[in-house]
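These notes concern the structure reproduced below.
Numbering (the UniProt record's numbering), first residue to last: 1 to 126.
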């Protein structure tokens with residue numbers, strides 16, 4: 001909630017979005033009326049709080065009993081399908097290459113954070 005409020009204040013004060021939600025608000029051309037945006041954020045927080053009270057225990061039981069191998073394979077398959085839907089066979093190839101590259105650092109005793117350097121080039125150019 002704090003992150004959302006800070007992002008809304010940054011959006012209104014600076015006029016540039018800082019999170020995915022504020023980018024969507026900006027692109028939807030929603031007027032930057034801070035009181036209305038804060039009421040919407042507070043309403044969402046209240047709904048989330050109520051949902052946790054209503055379904056939180058059931059959710060924890062379901063998640064606690066989940067077969068993580070099946071879940072991981074399912075998520076991997078879904079991500080491959082989404083990659084194909086958005087970018088075709090090339091996207092699946094990039095997805096497979098990125099997944100394989102993500103497995104290298106633990107094998108050589110490094111941390112995965114060093115792979116984040118791949119983002120610097122596109123960020124500097126974009």
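The C-beta atom is built at its ideal place from N, Cα and C for all residues, glycine as well.
Of the residues assessed, residue 16 falls on the exposed side of the cut-off, its CB having fewer than 16 other CB atoms within 10 angstroms.
In this structure, the CA atom of residue 50 is about 39 Å from the CA atom of residue 87.
Taking every protein chain shown into account, the CB of residue 25 has 16 or more other CB atoms within 10 angstroms, so this residue is buried. Residue burial annotation: residue 125 is exposed, with fewer than 16 other C-beta atoms found within 10 angstroms of its C-beta. Annotation: residue 95 to residue 83 spans about 7 Å, alpha carbon to alpha carbon. In this chain, the alpha helix (DSSP H) harbouring residue 122 covers 120 to 125. Distance from the CA of residue 37 to the CA of residue 43, rounded to the nearest whole angstrom, comes to 10 Å. When DSSP states are grouped into helix, strand and coil, residue 3 belongs to the helix group. For residue 30, no alpha helix (DSSP H) run applies, since DSSP gives it neither H nor E.
Counting every other CB atom within 10 Å of its CB across the protein chains shown gives residue 22 a total of 16 or more, marking it as buried.
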